[in-house]
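Everything below concerns the one structure shown next.
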Amino acid sequence: MKKLVALFSILATLMIVVSSCETKDPIVEKGTLQSATYNPATKSFTLTYSSGQTETVNAVVDDKTDPPTATATLKDGTVIYAGDATVAGAATIAKEINIVSQFVYDGMSLYYFWADEVKNKKPTVADVNPENYFYKILNSTDTQHGWSWITDDINSLLSGFSGEATDAFGFQPFPLYADDTYTTVVGFIRYVYPDSPADKAGLKRGEVITKINGQTITTNNYTLLYGANAETTFTVTDQYFKNPRDVKVMPAKINTDPVLYSNVYEMDGKKIGYLFYTNFYENYNASLYQVFSEFKTAGVTDLVLDLRYNPGGGISAATYLASLIAPESNVRNKDVFTVMSYNSYVNGIFDKNKWDRRDYLGDYNNAKYQDPLNANLNLNKVYVIATGSSASASELITFCLEPFMQVEHIGEKTAGKYTASWTIHAYDDFENRVQPIYVESKLTDSEKDKLK
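Counting in our numbering, the sequence shown runs from 1402 upward without gaps.
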């Protein structure tokens, strides 16, 4: 060890002597870095300095991102970044940590359910792309299921949570690969919202979209099935891929009432209520109340709740729906419906302030909605249609009603999403918000397996 220390001292002295003999500083001679461009053919950056000099540096390409990115770190810590390593053009020069990446870290390290993992993943100057950084720090379970996400379209995000869709066609597509090459895609129409652009254009449930604007649908353009900002021509066939026709649809801002269809059927002396419910939007609790009032007036004795395509939504909407279905005595007693568990930091805040982490049957916003007891069906059994597309609040209804009544699940294994989330706002940049998982219901492993 002593020899190593001595050697280091000698080397350090030599370096100081050599440095002092330099007559020109090459960095000063170049001037300040003014711009950078990326060349995908050579996978390199060309740097231009204020003196007019240029320099070429090799890039490190990350193929794990979509699209792939390219970066280079200079000796002074400056990071050069290209957001798409397949395209030539101007590159980003970063000398300090990206403010949005820092915002992501600050929020996630406090409120994320797996915050303890995030605390050791602070952003660096190299984390130029906030989106890539966000997904890099997620828990592996979260990454596998896609529960958390980041967006820069705040208006669409908040509108979507309230049941309002912008630039929407008004139908729910289900994309599937059309062949064994796993490149060609077709879109099955699951349902169409009444009075939507798709409805007015004549699109029907069960039809198949095979082309968009005359182009075959692929993994690169299938997202156009979900909405666009211009008139779009769909090539549509029947469910057997026959009788093709072209249909023009102009996207629009629409309200997506999740109470898509309801009816009362009489069978063997029973009156069976049927409800097809697409999303848990609290803004449409009034629609739920109206349907269940009609069920109650009609003397419904059995209920079929169709959640086959319902991906979830607000817990308050799930609690309201459960309060319309569960036995009246449980709703009147305000029995516990769900218990929420956050990370240790947030749990501590709740406990310190004596805030309740439970949701109760019969609880509702009386300033906006009517008492669910007035339309409660007082059932002892409910039939729930659920599939792999049924997730989150749909599973909450199915699972959390079981302590109070018999729940008959008809269909397939559900998605297995036992977590909820909230939106974290950026400090002064409301174009960026993150949606992290913050809570995991208190379920045992066996209960989670059952839920799945």
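Every residue gets a Cβ at the ideal spot worked out from N, C-alpha and C, and that includes glycine.
{"Check": "Complete alpha helix (DSSP H) runs within the region 1560–1625 (minimum length 4 residues, chain order)", "Outcome": "1598–1602"}
{"Check": "CA nearest to the CA of A1719, picked from S1790, D1760, I1610", "Outcome": "D1760"}
{"Check": "Check whether E1809 and Y1770 have beta carbons under 7 Å apart", "Outcome": "no"}
{"Check": "Closest residue to T1638 among V1587, D1669, N1686 (Cα-Cα distance)", "Outcome": "V1587"}
{"Check": "Same chain only: Cβ atoms within 8 Å of V1665, ignoring 5 sequence neighbours per side", "Outcome": "K1672, I1673, G1674, Y1675, E1695, F1696, A1699, V1701"}
{"Check": "Whole-angstrom distance between S1742 and N1748, CA atom to CA atom", "Outcome": "7 Å"}
{"Check": "Proximity below 7 Å, CB of D1707 to CB of Y1685", "Outcome": "no"}
{"Check": "Residues near G1628 in its chain [Cβ-Cβ closer than 8 Å; skip 5 each side]", "Outcome": "A1566, T1567, D1568, A1569, F1570, P1652"}
{"Check": "Spatial distance of F1791 from N1533 (CA atoms)", "Outcome": "A small correction: the amino acid at residue 1791 is Ser; Phe does not occupy that position in the sequence shown. When rounded, the distance between both Cα atoms is 28 Å."}
{"Check": "Which of helix, strand or coil DSSP assigns to F1805", "Outcome": "coil"}
{"Check": "Collapsed DSSP secondary structure at Y1710 in the structure displayed", "Outcome": "coil"}
{"Check": "The beta strand (DSSP E) enclosing I1481, as first and last residue numbers", "Outcome": "1480–1483"}
{"Check": "DSSP-derived helix/strand/coil call for G1674", "Outcome": "strand"}
{"Check": "Which listed residue (D1581, K1465, V1501, S1745) has its alpha carbon closest to that of T1619", "Outcome": "D1581"}
{"Check": "Span separating the alpha-carbon of I1613 from that of F1575", "Outcome": "15 Å"}
{"Check": "CA-to-CA distance, G1547 to Y1592, given in whole angstroms", "Outcome": "24 Å"}
{"Check": "Whole alpha helix (DSSP H) elements within the region 1482–1568, 4-residue minimum", "Outcome": "1500–1512, 1516–1519, 1531–1537, 1541–1546, 1555–1562"}
{"Check": "Through-space distance from T1493 to A1821, alpha-carbon basis", "Outcome": "36 Å"}
{"Check": "Residue burial classification, Y1662 (beta-carbon count within 10 angstroms, cutoff 16)", "Outcome": "exposed"}
{"Check": "Counted within 10 angstroms of its Cβ, other Cβ atoms place M1509 as buried (16 or more) or exposed", "Outcome": "buried"}
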